[in-house]
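Heads up, the sequence shown is in our numbering, so the first residue is 604 and it goes up one at a time. Glycine included, every Cβ here is placed at the ideal spot set by N, Cα and C.
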Amino acid sequence: MESGRMFAGRFEISGGPRSGGMGSVYRALDPTTGRTVAVKFLARAVWEDPFGHGGVRPSANDLKRFERERAMHERLGGQGVPRLVDYDFACGRPYLVTEFIEGKDLRDFLVVHRPTLTASVAVIVQVLRILTRVHAAGVIHRDVKPHNIVLADDGAVHLVDFGIALPTDPDATRHTEGRTPGSIGYKAPEIILGERNPGPAADVYGVGCTLFRLVTGEHVFVMSSPDHMIERHHCETPAPRLDTFVDGLSSDLVDLVARMLDKDPAARPTAADAQSALQPLLPGPGAPAPHPVLVPDPTAPFRAGTTATTGTADTPARQAVGIGHRRPTVRRPSANGPTRAGLRSLIVQTEIELTERGPGTYAQRLVRCLPDARNQWGGHDPEVLRALLLCADAARLSGDWPGAGTRYRAVARELAGAASGTAEYFLVLEARVGAAECAVPEEEGAHGALFAWKRVVLEASALSQEVPDRVVRRCREVGQELAEWGHAEVVETLLKRLPDA
């Protein structure tokens, strides 16, 4: 599309295109406001010419995904997400227009600059603040990487390209086709392994990869390897720790990044928790500018006092050695983790709370202490797995179906091969039932859920010993839900095999 050409009778194209995974973006002038905007069309491979001259017609899924991106900008625009200006699907010309962020994306920024630790944290804290708001609105970005992080000229950070973003609403249709979404080197293990309902933890993993690169100048795993090997490392190989690349870093920061890069989504901190842990490393109002000078300068909003911070000034000495001002408040499992008796008591209290009132204070405490418990006693510990199962129940009852499904599958995976009739085996059955229930709301998911649920019922009914009431009750609850989705006859027949709960 030539520069100077008018589009939609309103926008004058002034630059581009800049191609992304899901579309081509042009810079344009909106004469009605005098502002620069970004005009995005479907990817050229799908939509060769937005003016209708040739090209391949986009599929229904392409259009629906594009419409979803529009709706997300309309709902989330502002506070770090570009605002929606205009959109149209008429006359075979699907496009959306958002505000244009004057600045530089983080990938290009890193070609020129090696930021100090303070500047790196200033970028990441702003990204985490955006994600905290986005996640609270029920959206997972799924492609957090330097290319999609834009540093505005004033130092403010923006998260762009919601083309493959996904609602956490379990009733929402998935429109992504083909290979797993996301970008090599930043995709969370669960996305690589085909998880259709990744939770907010997938975005935290992408932020962790980005922070690792900012601090060390390196990718988590060598990017010169073939794509399939890089993805295999992200799924199977423990991420290297920051202090293997950079000396003088606080152990709290090193531990935090390690948790962000944990293979298990349930072990990662939330975006809000990671932000809080990094907060003490930010520069305070009046702090000196980074040296060498950064353009754009992500510390500027904090040094000017235009955004909240609890940090202190970044002295040249601290910049030189790459250490922070104060240590972030990341928990140390060995010192502050729960005792065995404390974990058992919290498990009992959480079980009572979930049964009588639903998720509350005890469930929240259990979620917070679970990572420390896993670090102290290991992911295979029966009581740790019981706690993980209860956290899954709490997530399900709170409406977080993707997060619950991930936790249920983690329990089933950790205890795979448990001897039939043992306490661990019944935990597996309960986890498998929960995972089946979390798949029900997905489009066409009820069929797969029915198959998974049926296997559990048949296994439980074939046991010679008594099946715990909790397992029977959950089988009946999920069965009733499946009956409502059109499988009443099969469910009724199978439920007759179970004892009364």
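CA nearest to the CA of Phe876, picked from Gly1051, Pro620, Arg732:
In the sequence shown, the residue the question calls residue 876 occupies position 273. A small correction: the amino acid at residue 876 is Asp; Phe does not occupy that position in the sequence shown. Per the Cα distances, Arg732.
How many angstroms separate the CA atom of Pro749 from the CA atom of Gly618?
The residue labelled residue 749 in the question sits at position 146 within the sequence shown. The residue labelled residue 618 in the question sits at position 15 within the sequence shown. Approximately 22 Å, taken between the alpha carbons.
Using only CA atoms, which one of Ala1019, Ser786, Arg960, Thr847 lies nearest to Pro985?
Locating residue 985 in the sequence shown gives position 382, counting from the first residue. Nearest of Ala1019, Ser786, Arg960, Thr847 to Pro985, Cα basis: Ala1019.
Helix, strand or coil at Glu702 [DSSP, three-state]
Along the sequence shown, read from residue 1 onward, the residue named residue 702 stands at position 99. Residue state, collapsed to three classes: strand.
Straight-line gap, Arg608 to Val700 (C-alpha atoms, nearest Å)
Here residue 608 refers to the residue found at position 5 of the sequence shown. Here residue 700 refers to the residue found at position 97 of the sequence shown. Computed Cα separation, rounded: 16 Å.
Tell me whether Ala1034 sits in a helix, a strand or coil according to DSSP, three-state version.
The residue given as residue 1034 occupies position 431 in the sequence shown. If DSSP states are grouped into helix, strand and coil, Ala1034 belongs with the helices.
If you scan the segment 708-775 from start to end, which runs of the beta strand (DSSP E) of 3 or more residues do you find wholly inside it?
752-755, 760-762
Which residues in the same chain have their Cβ closer than 7 Å to the Cβ of Leu1000, if we skip the five residues on either side of it in sequence?
Residue numbering aside, residue 1000 sits at position 397 when the sequence shown is read from its first letter. Result list for Leu1000: Leu957, Gly961, Pro962, in chain order.
Is it the case that the Cβ atoms of Val642 and Ile704 are separated by a distance below 9 Å?
Within the sequence shown, residue 642 is the residue found at index 39, counting from 1. Within the sequence shown, residue 704 is the residue found at index 101, counting from 1. Cβ distance not < 9 Å, so Val642 and Ile704 don't count as in contact.
Which of the three DSSP states is assigned to Lys866 in this structure?
Working through the sequence shown from its first residue, we reach residue 866 at position 263. The answer is coil: DSSP assigns Lys866 none of H, G, I, E or B.
Roughly how many whole angstroms lie between the Cα atoms of Arg668 and Val737?
For the purposes of this step, residue 668 is taken as the residue at position 65 of the sequence shown. For the purposes of this step, residue 737 is taken as the residue at position 134 of the sequence shown. Distance between the alpha carbons of Arg668 and Val737: 18 Å.
Return yes when the Cβ of Val760 is within less than 9 Å of the Cβ of Val747, no when it is not.
Taking the first residue of the sequence shown as position 1, residue 747 is located at position 144. Taking the first residue of the sequence shown as position 1, residue 760 is located at position 157. Going by C-beta atoms, Val747 is not nearer than 9 Å to Val760.
Inspect the beta-carbon positions of Pro872 and Leu859 and report whether they are closer than 9 Å.
The residue given as residue 872 occupies position 269 in the sequence shown. The residue given as residue 859 occupies position 256 in the sequence shown. In contact: Pro872 and Leu859 (Cβ atoms closer than 9 Å).
Measuring CB atoms only, is the segment 705-722 touching the segment 890-910, in the sense that at least three cross pairs come out at less than 8 Å?
yes
Give the range of the beta strand (DSSP E) segment to which Ala877 is assigned.
Locating residue 877 in the sequence shown gives position 274, where the first residue counts as 1. Unbroken run through Ala877 is the alpha helix (DSSP H), 874-881; no beta strand (DSSP E).
I believe Leu864 touches Gly811 by the beta-carbon criterion, under 8 Å. Please report the beta-carbon distance rounded to the nearest angstrom.
As a position in the sequence shown, residue 864 is number 261, starting the count at 1. As a position in the sequence shown, residue 811 is number 208, starting the count at 1. Indeed they touch by this definition, with Cβ atoms about 4 Å apart.
Specify the secondary structure class of Thr918 as computed by DSSP and reduced to three states.
Locating residue 918 in the sequence shown gives position 315, where the first residue counts as 1. With a pLDDT of 37 at Thr918, under the threshold of 50, the modelled position of this residue cannot be trusted, and the question is left open.
Report the residue from Gly706, Phe644, Asp711 whose alpha carbon sits nearest the alpha carbon of Asp691.
The sequence position of residue 691 within the sequence shown is 88, counting from 1. It is Phe644 whose Cα lies nearest to the Cα of Asp691.
Going by alpha carbons, who is nearest to Arg1058 out of Pro904, Gly1082, Ser1067?
Within the sequence shown, residue 1058 is the residue found at index 455, counting from 1. When each option's Cα is compared against that of Arg1058, the closest is Gly1082.
Assuming contact is defined by CB atoms lying nearer than 9 Å, are Cys1108 and Val1031 in contact in what I supplied?
As shown, the chain starts at 604 and ends at 1104. That puts residue 1108 outside it, with no answer to give.
In the structure shown, what three-state DSSP assignment does Pro1071 receive?
The count along the sequence shown starts at 1 and reaches residue 1071 at position 468. Reduced to three states, the DSSP call for Pro1071 is coil.
Measure the CB-CB distance between Pro801 and Glu793 and report whether it falls below 9 Å.
In the sequence shown, counting from the first residue as 1, residue 801 sits at position 198. In the sequence shown, counting from the first residue as 1, residue 793 sits at position 190. A contact, by the Cβ cut-off of 9 Å.
Excluding the 5 residues flanking Pro1005 on each side, which residues of the same chain have their C-beta closer than 6 Å to its C-beta?
Here residue 1005 refers to the residue found at position 402 when the sequence shown is read from its first residue. Correct list, in chain order: Thr771, Asn800, Gly802.
Does the distance from the C-beta atom of Val726 to that of Leu817 stay below 9 Å?
Here residue 726 corresponds to residue number 123 of the sequence shown, with the count starting at 1. Here residue 817 corresponds to residue number 214 of the sequence shown, with the count starting at 1. Yes. Within cutoff.
Rounded to a whole number of angstroms, what is the C-alpha to C-alpha distance between Leu1085 and Gly1008?
Position 482 of the sequence shown holds residue 1085. Position 405 of the sequence shown holds residue 1008. Looking at the two C-alpha atoms, the distance is approximately 16 Å.
So what does DSSP say about Asp975, is it helix, strand or coil?
Your numbering for residue 975 matches position 372 in the sequence shown. Helix.
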